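What follows is a short report on a single structure.
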Amino acid sequence: MKKIGVEKGLRNVADYLTNEGYSIEILSESIDNNIPKLSGLDAIVTAGYNTDMLGISDTETKAPVVNARGLTPEEVKDRLEQQLH
C-alpha cells in the first residue's frame with residue numbers, strides 16, 4: 065500500500081485516497097513536525113500555496129509532489145498514479 069502525505073486542509077483528497085486504498089499521513093503546518101515523516105512517504109499532495117511552509121523543498125525526499133490546487137480528488141489520484149508508476 066502506497067503511503068501518501070496530504071497537506072492539512074485537503075481532507076476531501078485524503079478521504080478519497082483512503083477510500084481508493086492509499087495509506088494517508090496528514091502533514092501539519094509546522095515544518096519541524098513534517099520533516100521526520102517525509103522519508104517514509106511515497107508521494108506528497110499539497111494545496112500548492114507554499115511547499116516551503118511544509119518543509120518539502122528543504123528536505124532530501126525523493127517523493128513526487130502533486131499540486132492539488134484546482135484539481136478534483138479523482139484528478140489528484142490520476143496524477144499520483146502517473147508519478148508512482
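The sequence shown lines up with residues 65 to 149 when you count with the numbering used here. Glycine included, every Cβ here is placed at the ideal spot set by N, Cα and C. Here the structure is a predicted model, which means the values were calculated and not measured.
Three-state secondary structure (DSSP) of residue i
{"i": "L148", "result": "helix"}
{"i": "E71", "result": "strand"}
{"i": "L135", "result": "coil"}
{"i": "L105", "result": "coil"}
Residue i burial status per 10 Å Cβ neighbour count (16 or more: buried)
{"i": "G69", "result": "buried"}
{"i": "D122", "result": "Summary for D122: the model assigns pLDDT 48, below 50, so the residue's position carries little reliability, and this model does not support an answer."}
{"i": "N98", "result": "buried"}
{"i": "A90", "result": "Note that residue 90 is Ile in the sequence shown, not Ala. The residue in question, I90, is exposed, as its Cβ has fewer than 16 Cβ neighbours within 10 Å."}
Limits of the unbroken beta strand (DSSP E) element including residue i
{"i": "E89", "result": "S87 to L91"}
Own chain, CB closer than 7 Å to residue i, minus 5 neighbours either side, in chain order
{"i": "V140", "result": "V77, V109, V130 and A132"}
9 Å Cβ cutoff, residue i in contact with chain D
{"i": "G112", "result": "The structure shown contains no chain D; it is built from a single protein chain."}
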